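Numbering (numbering that gives the first Met the number 0), first residue to last: 0 to 175.
Take a look at the structure set out below.
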Amino acid sequence: MASLFSETLLPTTTELPEGYSVRPLQRTDYQKGFLDVLRVLTKVGDISEEAWLERYDWMAKRNEEYFIICIVNGEGTIVGVGSLVIERKFLRNLGAVGHIEDITVQSSEQGKKLGLRIIQTLDHIAQQVGCYKCILDCSEKNQPFYEKCGYKLAGVQMARYYDGSTPKDAPVKSDA
């Protein structure tokens, strides 16, 4: 199977329910529920398999930037995903920062510590590839989860949306 990155970057052990495993995103994951898991998090759109493969191949060519992992159950279905994107800097002696994105677990699989295992795995990969820190954005309701994972509030995230959308938990403006 063609994987997005080398499995040697994964931790040697990850505490998962019996029969579950963690692995890099694979080129064949369009058929294994990857987009369905992302739909738990936000809108995904109607992505054809051809478009999926184009994006996968584009990311694979940048194999030192994109690290997407999947947690797979005993039937081979993807039940959790997370992404690490590496930003190369001029700061900190040409350092690298990891951006953790798109952490989501299938609704029926929540409560099994899969989200924690995704974060731990991405943190491990970030350290392996030389990041001096990892950052992530989350909604206020998810802040306690990320604090349990060892993250601390370190600023305020700002966003500008160009497609007219807004985050689902954005404050509503009133005309008062």
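Note that CB positions come from ideal geometry on N, CA and C, so glycine has one too.
Model, not experiment: these values are computed from the prediction.
Check whether G79 and G114 have beta carbons under 9 Å apart: Start at 1 with the first residue of the sequence shown, and residue 79 comes out as number 80. Start at 1 with the first residue of the sequence shown, and residue 114 comes out as number 115. For G79 and G114, yes; Cβs fall inside 9 Å.
Contacting residues, own chain, Cβ-Cβ under 6 Å from Y29 (five flanking each side not counted): To locate residue 29, count along the sequence shown from 1; it is residue 30. In the same chain as Y29, and ignoring 5 residues on each side of it, the C-beta atoms closer than 6 Å to its own belong to E48 and W51, in chain order.
Cβ shell of K111 (< 6 Å), same chain only, five flanking positions each side left out: Locating residue 111 in the sequence shown gives position 112, where the first residue counts as 1. P16.
Backbone secondary structure at V36 - three-state DSSP: Working through the sequence shown from its first residue, we reach residue 36 at position 37. The three-state reading of DSSP puts V36 in helix, counting H, G and I together.
Through-space distance from D101 to A59, alpha-carbon basis: On the sequence shown, position 60 is the one that residue 59 refers to. On the sequence shown, position 102 is the one that residue 101 refers to. Cα-Cα distance, rounded: 18 Å.
In chain order, each beta strand (DSSP E) run of at least 3 residues that lies wholly inside the stretch 88-141: The qualifying runs are 95-104 and 130-135.
Three-state class that DSSP yields for E64 in the structure shown: Residue 64 sits at position 65 when you count from the first residue of the sequence shown. Note: E64 maps to coil in three-state DSSP.
Three-state secondary structure assigned by DSSP to Q25: Counting from one through the sequence shown, the residue named residue 25 turns up at place 26. Correct three-state label for Q25: strand.
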